[in-house]
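Shown next, in structure tokens, is the structure this report addresses.
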Amino acid sequence: MLELPEVLTTASQLKDSTAGRTVSEVLPPTKVHRFCWYNGEPAAYNTVLKGKKIISSEGFGIFAEIIFEEGYRLCFNDGVNVRLIPLEKVPKNYQLLIVLDDGMALVFTVAMYGGMIVHRGDYADEYYEKSRNAVSPFSDEFKIYFYDRIKRCKPVSSVKALLATDQHFPGIGNGVLQDILFEAGIHPKRKLQALGEEEKQRLLSCMVSVLTAMAEQGGRDTEKDLFGNPGGYRTKMSKNTWKEPCPVCGGTINKETYMGGSVYYCPVCQPLD
Numbered sequence: 001m002l003e004l005p006e007v008l009t010t011a012s013q014l015k016d017s018t019a020g021r022t023v024s025e026v027l028p029p030t031k032v033h034r035f036c037w038y039n040g041e042p043a044a045y046n047t048v049l050k051g052k053k054i055i056s057s058e059g060f061g062i063f064a065e066i067i068f069e070e071g072y073r074l075c076f077n078d079g080v081n082v083r084l085i086p087l088e089k090v091p092k093n094y095q096l097l098i099v100l101d102d103g104m105a106l107v108f109t110v111a112m113y114g115g116m117i118v119h120r121g122d123y124a125d126e127y128y129e130k131s132r133n134a135v136s137p138f139s140d141e142f143k144i145y146f147y148d149r150i151k152r153c154k155p156v157s158s159v160k161a162l163l164a165t166d167q168h169f170p171g172i173g174n175g176v177l178q179d180i181l182f183e184a185g186i187h188p189k190r191k192l193q194a195l196g197e198e199e200k201q202r203l204l205s206c207m208v209s210v211l212t213a214m215a216e217q218g219g220r221d222t223e224k225d226l227f228g229n230p231g232g233y234r235t236k237m238s239k240n241t242w243k244e245p246c247p248v249c250g251g252t253i254n255k256e257t258y259m260g261g262s263v264y265y266c267p268v269c270q271p272l273d
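Sequential numbering from 1 applies to the sequence shown in the UniProt record's numbering.
Printed below as a string of structure tokens:
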């Protein structure tokens, strides 16, 4: 699943690789997906996007967005995979295909769920609006926003609930939080009311530093970029590493199901009590 580092990476790669290109054709899905959403009928996307030049791309929260001339946009969220490949290598099954005038194509596929929405700045979706208006963790305003989120959460909420539920921090999900909490030395089940001020400051600092490293290195190695390559950031706590010793103490990394997803942590470096 795309989270903020991968969203920013994908948007940057789209901007560098497709800006200036013109859409030759947009093809609807070859395989219907029950949990794939569009704005109207995807077959109509060709009518509005064909012949349009790509101006730029941007990323925010859980969304990446391609900007076309005449005010058209195509946003897609964290459950969508997009690849830029030669037209002759397009796979049989996809949920949307945008053919470009240079012989390349943008192939959109969905595994679990996702949406590809064409709009003109009027997409009234709660998740889109929260992502669009989110305070960036790389901004000067993020510290104030971080402490405000803590105040708004119930004291008995866990740290994972703070970071990864209710869109408190759009783009920060169950993936990136693993390394954030590991670097901060905080157990994912710790209650907010149990955190001291020094721990809160450490959590804030690690949110910024870990997300910065992930974004600068092209996303996590558990995810793939626009060209199908894994990100350059080597995760410490993930499906790739949990069977290895803890990189700090050498102990065993635990894997548990918690709040609808897996959490990975070192019980020594991230004590619950």
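Cβ atoms here follow ideal geometry from the backbone N, Cα and C, with glycine treated the same way. In this text, all values refer to a predicted model and were calculated from it rather than measured experimentally.
In the DSSP annotation of this structure, the continuous segment of the alpha helix (DSSP H) that includes residue 161 starts and ends at 159-164.
Excluding the 5 residues flanking it on each side, residue 33 has same chain C-beta neighbours closer than 7 angstroms at 95, 110, in chain order.
A straight line joining the alpha-carbon of residue 149 with that of residue 67 spans about 31 angstroms. Separation of residue 196 and residue 30 (C-alpha to C-alpha, rounded to the nearest whole angstrom) is 53 angstroms.
Taking C-beta atoms as the reference points, residue 127 and residue 62 count as a pair closer than 8 angstroms.
The beta-carbon separation of residue 9 and residue 218, rounded to 5 angstroms, stays under the 8 angstroms limit for a contact. Leaving aside the five residues that flank residue 232 on each side, the residues in its chain whose CB is nearer than 8 angstroms to its CB run, in chain order, 217, 218, 219, 221. Within the segment 146-214, there are no complete beta strand (DSSP E) runs of at least 3 residues.
For residue 260, the closest C-alpha among the options 181, 161, 184, 244 is that of 161. By the Cβ rule, the segment 50-62 counts as touching the segment 12-24, because three or more pairs are nearer than 8 angstroms. Between the alpha carbons of residue 203 and residue 240 lies a distance of about 23 angstroms. Remark: C-beta atoms of residue 211 and residue 13 do not approach each other more closely than 8 angstroms. If you check the CB distance, residue 80 and residue 108 come in under 8 angstroms.
Residue range 4-18 is occupied by the alpha helix (DSSP H) that includes residue 12. Looking at 103, 271, 272, 4, the one whose alpha-carbon comes closest to that of residue 134 is 4. Taking residue 158 as the centre and dropping the five residues before and after it, the same chain places the C-beta of 188, 189, 190, 191 closer than 7 angstroms to its C-beta, in chain order.
For residue 172, the number of other beta carbons within 10 angstroms of its own is at least 16, and it is reported as buried. Between residue 198 and residue 213, the alpha-carbon positions lie close to 22 angstroms from each other. In this chain, the beta strand (DSSP E) harbouring residue 254 covers 254-258. Distance between residue 92 and residue 36, taken at the CA atoms: about 17 angstroms. Out of 46, 235, 182, the CA that lies nearest to the CA of residue 98 is found in 46. With at least 16 other beta carbons inside 10 angstroms of its own, residue 169 counts as buried. Residue 7 counts as buried, since at least 16 other C-beta atoms from the protein chains shown sit within 10 angstroms of its C-beta.
Distances from the CA of residue 235 to each of 201, 153, 180 were compared; the closest alpha carbon is that of 180.
A straight line joining the alpha-carbon of residue 114 with that of residue 243 spans about 30 angstroms. CA-to-CA, the gap between residue 76 and residue 269 works out to about 37 angstroms.
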